[in-house]
Each structure stands twice: as structure tokens, then as C-alpha cells.
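Shown next, in C-alpha cells, is the structure this report addresses.
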Amino acid sequence: MPAARELLLDAAFTALGTRPWHGVRMVDVAAAAGVSRQTLYNEFGSKDGLARALVRREAETFLAGVEHSLATARDATGPDTTGPDTTGPDTTGPDTTGPDTAGRDPVNAGDRCAAAALWTLRTARANPFVRAALTGCRGDRLPPAAAPSVPAPRAGREARPPRGALSPGALVGRIRDSVAGAVGADAPGLPPDAVLRACEAAVRLTLSYVVAPAPSDEEVAAEVAGLVRALLAQE
Numbered sequence: 001m002p003a004a005r006e007l008l009l010d011a012a013f014t015a016l017g018t019r020p021w022h023g024v025r026m027v028d029v030a031a032a033a034g035v036s037r038q039t040l041y042n043e044f045g046s047k048d049g050l051a052r053a054l055v056r057r058e059a060e061t062f063l064a065g066v067e068h069s070l071a072t073a074r075d076a077t078g079p080d081t082t083g084p085d086t087t088g089p090d091t092t093g094p095d096t097t098g099p100d101t102a103g104r105d106p107v108n109a110g111d112r113c114a115a116a117a118l119w120t121l122r123t124a125r126a127n128p129f130v131r132a133a134l135t136g137c138r139g140d141r142l143p144p145a146a147a148p149s150v151p152a153p154r155a156g157r158e159a160r161p162p163r164g165a166l167s168p169g170a171l172v173g174r175i176r177d178s179v180a181g182a183v184g185a186d187a188p189g190l191p192p193d194a195v196l197r198a199c200e201a202a203v204r205l206t207l208s209y210v211v212a213p214a215p216s217d218e219e220v221a222a223e224v225a226g227l228v229r230a231l232l233a234q235e
């Protein structure tokens, strides 16, 4: 059975599907999770603390999905048919060019970036927290980006220390570093600075389609892959 903390976060996430954050009551979240309201306050300290933890969890879950999409990109063989909750397979086709004479493999780099792009596009569409974290546009339904400090609970054990939400810029940096790590491991002969630049360009191109979606995620992934291949081929 999940721990009380996860049950409470799940209950808060579900509540946001039916009402804006200002309409979510702590007593209702506790009841939906099957715990006492005191347990909720002991865990998070306040409603702001709950909001901060929820935003952070969704961002970290998204980043874990980025890592998974990068790790499984090689094994992907066709377009995704499972809907938005997916790790984003490789839809850019098989590698027909092979590594260059320097032992570099920009095609594989493109495939990995395409997989991460697919995961990002689909998750941002399905999860409003991820979309808000990536774009900085939260709307009225979600918790505010920066909540006040969590007050000490009145009774019981101390609440966990607050952890702030990642800014869009920080999130871009985390994604870029993950992608660059995977690409660099495949092609150690490429200059690290060039890999970072190519991966940041790929991430920011993907984010432009989070803001203004294209008709086809697969076409965006192919565009991202082509950009990365072109940039790395110049090195």
C-alpha cells in the first residue's frame, strides 16, 4: 500500500481534475486519501506545502520519464499507439547512415532526442502540472508557482522541509543535461560543448511545440532529430 504522503498527493492531484486549487479543501484531500487531516498537516505543514510537494513530484516524475525515454530509444521500432502516457518511441526510422569515420553516431543522437521530444510533448499535453512547469503559464486552476514558507505544524512530528518548484529555465537545464549525457555516452568523440548546444536547441525546439502544438508529434520528433543530426554533423 502506498505511503500516506503519496496517497495524499494522489488525492490532491485528482481533486484538481474537478475544481481549481483555491477550491480544494484540505479536509477533502485527507478524506479521499483515507487519512486524518492532522496526518495531512503533519506531512506537509499547510496547503501551500502540499501544493509545493505536488508540483515538485510531477516535475520529478516527468524528468524520470525523460531518462526512461532516452534509455529505451534504441529499442523503439515503430510509432507509439498507447496514447499520451508513454515513454516516446523512436519514430524517425532506422539508422541508414551509420557512424562517421570519427566513430561518431549523430543518427543515434537524433533518435534519442526524438524519443525525449515525444515524451515531453505527450506528457505536457496530458499533465497540466508538467505543461505549467515547462512554460511558466499556470492559469487559475493550478497552485501558484511560489508559495510562502511552510509554517511549523501545531502538533505531531515536524513537517518536511519545503522544496521549491523548478523554474522553466531550471527544468530546461535538467532535460538538456539528461539528453546530453545520453548522447555523449554514445558518441564520446564529440566535443561536450557541441553536444550541450545541440541538445539545448532540441529541447527548446520541443518546448516551442508544447506552447503551440503541431498536428503530429511524430513530425515534431523527426524535426528535432534532424536538427540534432545536422548540428552534430558539423563537428
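Using UniProt numbering, count along the sequence shown one by one with no gaps and you end on 235.
Where is the CB? At the ideal position from N, CA and C, for every residue including glycine.
- Between residue 198 and residue 228, the C-beta gap is smaller than 7 Å, which places the two residues in contact.
- Taken in chain order, the complete alpha helix (DSSP H) segments of 4 or more residues contained in the region 41-80 are 47-72.
- Residue 9 sits in a helix when the DSSP states are folded into three classes.
- In this structure, 69 is the residue among 27, 41, 69, 110 with its C-alpha nearest to the C-alpha of residue 116.
- Excluding sequence positions up to five before and after residue 231, its CB lies within less than 6 Å of the CB of 198, all in the same chain and listed in chain order.
- Taking C-beta separations shorter than 7 Å and ignoring five residues to either side along the sequence, the partners of residue 12 in its chain run 24, 29, 50, 54, following chain order.
- Unbroken alpha helix (DSSP H) stretches of 4 residues or longer found wholly inside the region 168-209: 168-186, given in chain order.
- Taking a cut-off of 8 Å for Cβ pairs, the region 118-136 and the region 211-227 touch, as three or more such pairs fall below it.
- With a beta-carbon spacing of about 5 Å, residue 66 and residue 178 fall inside the 8 Å limit used to define contacts.
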